[in-house]
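Heads up: the structure comes next, in structure tokens.
Chains as they are written, first to last, in the working numbering: chain X, 2 to 208; chain P, 2 to 208.
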């Protein structure tokens, strides 16, 4: 659903913004930096069954849950979208998104490319941003440097990233997250959100 | 024409940006402030037969030309678009726009709503921004305060502004230029330009 803007009775509608892109491109770092910079968005805390990394905090970076807890959330219809990503479940708690939108806040969620495609289908008016490295070499280097996956999983992620580039047409925007240019990435994402709020045909989110 | 973005061979294409809106909304002030703030855009200098206002500078604010000089420019096909606006001719020098785009700069031009409609037809990939006052009362107040028109012309401008609201659908964006919020207006215009450069389907301008 979209509706025509009326300048003299203008009320900005909150947006649903998806930040996606290949494994290793820096989705988590980008979200963390946007939070640090104090942008007034609601950042969705994803539920996941993947093990917590040392620097991560439960309830802040993710909700770290057991596989049976995750199964219960699916059962109860509590997830807007969920998927198995490299063997771990990840899902978006529906209630959290609804409440944030109802309070008038723009909602920003991090999600893999497979999940972004699902959101595009479920919520056509979502704003989909694809984060890209500046080159495939740069992406591979970053994946190797973070040393969170064994070599065989790493190869799988590189192959997947290559495949996912073909799905670019489901996205609205591409932002190049170049090495050491994280603030520029954040500035561009904020600009996209500002611009979307000025569109003549405004997006209206219904969950 | 639009073309799909290729993240790994990404080259930003320059945009053609039209800033339009009713008489009195602050198009000239907005352009002047964008220039002051140092945004790296090429600001088109419009040719006009209207008399110079005391604060304006020839070649900076407008090219002030005689009616016969203007007729010559039309004759030679030198104008991208021209129109009679409240009895005065205004036109966009084509060569200036071509040269700026060729140098890779985003081109920003100020143009009345009638002219914006022409640009939409001639250059479908242009980015059209409609500047709006926060209310009709505010617009009328500003028109009265600037005291550049006699009362009968002023009434005509108010009636025209009301009519022009119906043509909002030719625009991509609406930016509310509220009283004393000029920098916010400029920030939003800059955000729109940044966002447009990140679109998956990039606009490609052919003049």
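Where is the CB? At the ideal position from N, CA and C, for every residue including glycine.
Any heavy atom of the ligand ADP within a distance shorter than 7 Å of the CB on residue i?
i                      : result
residue 180 of chain X : This structure simply doesn't include the ligand ADP, nor any ligand for that matter.
Is it buried or exposed for residue i, if we count other Cβ within 10 angstroms and need 16 for buried?
i                      : result
residue 208 of chain P : exposed
residue 41 of chain P  : exposed
residue 88 of chain X  : exposed
residue 67 of chain P  : exposed
residue 75 of chain X  : exposed
residue 52 of chain P  : exposed
residue 175 of chain P : buried
residue 127 of chain X : buried
residue 69 of chain P  : exposed
residue 91 of chain P  : buried
residue 104 of chain P : exposed
residue 134 of chain P : buried
Might you give, ordered along the chain, the residues of its own chain that have their beta carbon closer than 8 Å to the beta carbon of residue i, omitting 5 neighbours on each side?
i                      : result
residue 95 of chain P  : 78, 79, 80, 81, 208
residue 149 of chain P : 54
residue 32 of chain P  : 20, 44, 109, 111
Would you verify that the beta carbon of residue i is, or is not, closer than 8 Å to some beta carbon of chain P?
i                      : result
residue 114 of chain X : no
residue 170 of chain X : yes
residue 175 of chain X : yes
residue 179 of chain X : no
residue 137 of chain X : yes
residue 201 of chain X : yes
residue 24 of chain X  : no
residue 192 of chain X : yes
residue 133 of chain X : yes
residue 91 of chain X  : no
residue 28 of chain X  : no
residue 189 of chain X : yes
What residues in its chain sit with their C-beta under 6 Å from that of residue i, if we drop five residues either side in the sequence?
i                      : result
residue 112 of chain P : 19, 21
residue 199 of chain X : none
residue 116 of chain P : 82, 84
Return no unless some Cβ of chain X is closer than 8 Å to the Cβ of residue i.
i                      : result
residue 9 of chain P   : yes
residue 195 of chain P : yes
residue 1 of chain P   : The shown model of chain P, from 2 to 208, leaves out residue 1 of chain P, and the question about it has no answer.
In the DSSP output, what is residue i paired with across the bridge?
i                      : result
residue 237 of chain X : Here chain X has residues from 2 to 208 only, and residue 237 of chain X is not among them.
residue 109 of chain P : P:18, P:44
residue 89 of chain X  : X:86
residue 133 of chain P : P:177
residue 59 of chain P  : P:63
residue 94 of chain P  : P:80
residue 128 of chain P : P:18
Just to make sure I have the definition right: I need the residues of chain B whose C-beta is within less than 9 Å of the C-beta of residue i. Which are they?
i                      : result
residue 101 of chain X : Checking the listed chains, one finds no chain B in this structure; the protein chains it contains are X and P.
Can you give the beta carbon distance from residue i to residue j, rounded, assuming they're within the 8 Å contact cut?
i                      : j                      : result
residue 107 of chain X : residue 194 of chain X : 6 Å
residue 45 of chain P  : residue 97 of chain P  : 6 Å
residue 201 of chain X : residue 172 of chain P : 5 Å
residue 186 of chain P : residue 23 of chain P  : The Cβ separation is near 15 Å, so there is no contact.
Please go through the same chain and pick out, in chain order, the residues whose beta-carbon is closer than 7 Å to the beta-carbon of residue i, but skip the five residues on each side of it.
i                      : result
residue 141 of chain X : 159
residue 101 of chain P : 43, 108
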